[in-house]
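Residue numbers (the numbering used here): 20 to 62.
Glycine included, each C-beta is placed from N, C-alpha and C at the ideal position.
Note that the structure is a prediction, hence the values are computed from the model and not measured.
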């Protein structure tokens, strides 16, 4: 599973890495292109 996460979220790597591939992006840079292939978006 591919997860796109706002990098401002607390401890995102340790919490969500067990669910799949984590890609952290600054919130202001999250756009349609950056979430195109994502299964989950967490902000």
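Within this structure, are the beta carbons of residue i and residue j separated by less than 9 Å?
| i | j | result |
| --- | --- | --- |
| residue 39 | residue 27 | no |
| residue 32 | residue 41 | yes |
| residue 25 | residue 54 | no |
| residue 61 | residue 35 | yes |
Smallest Cα separation from residue i: which of the options?
| i | options | result |
| --- | --- | --- |
| residue 21 | 30, 61, 57 | 57 |
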